[in-house]
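Colleague: Protein chains in written order, with the working numbering: chain U, 129 to 258; chain X, 129 to 258. Note that beta-carbon positions come from the ideal geometry of N, C-alpha and C, so glycine has one too. Below are the structure tokens for one structure; questions will follow.
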């Protein structure tokens, strides 16, 4: 177990790939959703809103697991397990816009739900690779 | 909420795509792993072994969530939420071989861990789409 990303898999976190984010629901079942993300070398940040199921899930159980798979080679993947460390308000949608641009929309505008936008900051505790 | 797969997303379950399977760990955190699967129109089947973490997770908490994303268009995805319904022994690895062939290896052989191989059968209770 390590929190270091293997150097040969760092591209999976640097490329604008969708991640599969697992959270634990209020009834102790599990959900997995596709998510934009940004990795800064230590933490992973997601854009989300404070009105959705996943946000409520994380208020009760902060556990998060992010799986990123290479769309060109499904045998290349990395799973980051950890927990919600912080929720940062993003009322102008600035982080959403930054992620939108990262994911290829040069003209990304703030979303209609900007007033509810938050940044979910994930601490990484375990890295699993293939 | 429905258990019907939208007809325009059925291809995601029919094509040999890797799914992202979420399970709840013994410490109530979450893990997400890439998995081969086969969907028969009602249930989803996975090959696994009885010696691994995911198997122990499911013995305690049978909740499962399978996210399948189109590698050519990440905005097309379907999430199947449900639970482990049955574990079927596969001591010759026959189901593993069938899945291997489904995923493109015409000469798939049984794996070395065939004696421990099981088929995880998932009941689908909720289908979420984009």
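Using the beta-carbon of each residue, which ones in chain U are nearer than 7 Å to residue 146(X)?
Modeller: 197, 202
Colleague: Which value, in whole angstroms, describes the spacing of the CA atoms of residue 244(U) and residue 252(U)?
Modeller: 25 Å
Colleague: Look at the alpha carbon of residue 166(U) and the alpha carbon of residue 141(X), and state the distance between them as a whole number of angstroms.
Modeller: 29 Å
Colleague: Starting from the C-beta of residue 160(U), find all residues in its chain whose C-beta is less than 6 Å away, skip the five residues before and the five after it, and write them out in chain order.
Modeller: These residues qualify, in order along the chain: 148, 150.
Colleague: Near residue 225(X), what residues of its chain come up, given a Cβ to Cβ distance below 8 Å and the 5 sequence neighbours on each side ignored?
Modeller: Counting only residues of its own chain and dropping the five nearest sequence neighbours on each side, residue 225(X) has a CB closer than 8 Å to the CB of 236, 237, 238.
Colleague: Could you compute how far the alpha carbon of residue 175(X) sits from the alpha carbon of residue 223(X)?
Modeller: 7 Å
Colleague: In chain order, what residues of the segment 156-186 of chain U put their CB closer than 9 Å to some CB of chain X?
Modeller: 156, 157, 158, 159, 160, 161, 162
Colleague: Chain U partners of residue 232(X), CB-CB under 8 Å?
Modeller: Neighbours of residue 232(X) on chain U: none; closest Cβ ~10 Å, over 8 Å.
Colleague: Name the DSSP beta bridge partners of residue 171(X), please?
Modeller: 251(X)
Colleague: So residue 222(X) is in the alpha helix (DSSP H); what residue range does that whole segment cover?
Modeller: 222-230
Colleague: Where does residue 233(X) sit, in a helix, a strand or coil, going by DSSP?
Modeller: coil
Colleague: Report yes if the CB atom of residue 158(X) is closer than 9 Å to the CB atom of residue 152(U), and no otherwise.
Modeller: yes
Colleague: Drop a sphere of 10 angstroms on the beta-carbon of residue 209(U), count the other beta-carbons inside from all chains shown, and report buried for 16 or more, exposed for fewer.
Modeller: buried
Colleague: Starting from residue 143(U), trace the alpha helix (DSSP H) both ways and give me its first and last residue.
Modeller: Careful: residue 143(U) lies outside any alpha helix (DSSP H) and carries neither H nor E.
Colleague: Please state whether DSSP places residue 155(U) in a helix, a strand or coil.
Modeller: coil
Colleague: For residue 211(X), write down the residues that DSSP places opposite it in a beta bridge.
Modeller: 191(X), 251(X)
Colleague: Does DSSP classify residue 201(U) as helix, strand or coil?
Modeller: Residue state, collapsed to three classes: strand.
Colleague: Going by CA-CA distance only, name the one from 212(X), 145(X), 132(X), 139(X) that's closest to residue 228(X).
Modeller: The shortest C-alpha separation from residue 228(X) is found at 145(X).
Colleague: Return no unless some Cβ of chain U is closer than 9 Å to the Cβ of residue 140(X).
Modeller: no
Colleague: May I have the straight-line CA-CA distance separating residue 154(U) from residue 188(U), to the nearest angstrom?
Modeller: Roughly 7 Å separates the two Cα atoms.
Colleague: Beta-carbon of residue 250(U) versus every beta-carbon of chain X: anything under 9 Å?
Modeller: no
Colleague: Would DSSP call residue 243(U) helix, strand or coil?
Modeller: helix
Colleague: May I ask you to report which of helix, strand or coil DSSP gives residue 184(X)?
Modeller: helix
Colleague: Skipping 5 residues on each side, what residues in its chain have a beta carbon closer than 8 Å to that of residue 257(X)?
Modeller: 134, 137, 205, 206, 207
Colleague: Measuring straight from C-alpha to C-alpha, what distance separates residue 170(U) and residue 233(U)?
Modeller: 25 Å
Colleague: Excluding the five sequence neighbours on either side, which residues of its own chain have a C-beta within less than 6 Å of the C-beta of residue 178(X), listed in chain order?
Modeller: Result list for residue 178(X): 244, 246, in chain order.
Colleague: So which of 163(U), 230(U), 240(U), 249(U) has the shortest CA-CA distance to residue 196(X)?
Modeller: 163(U)
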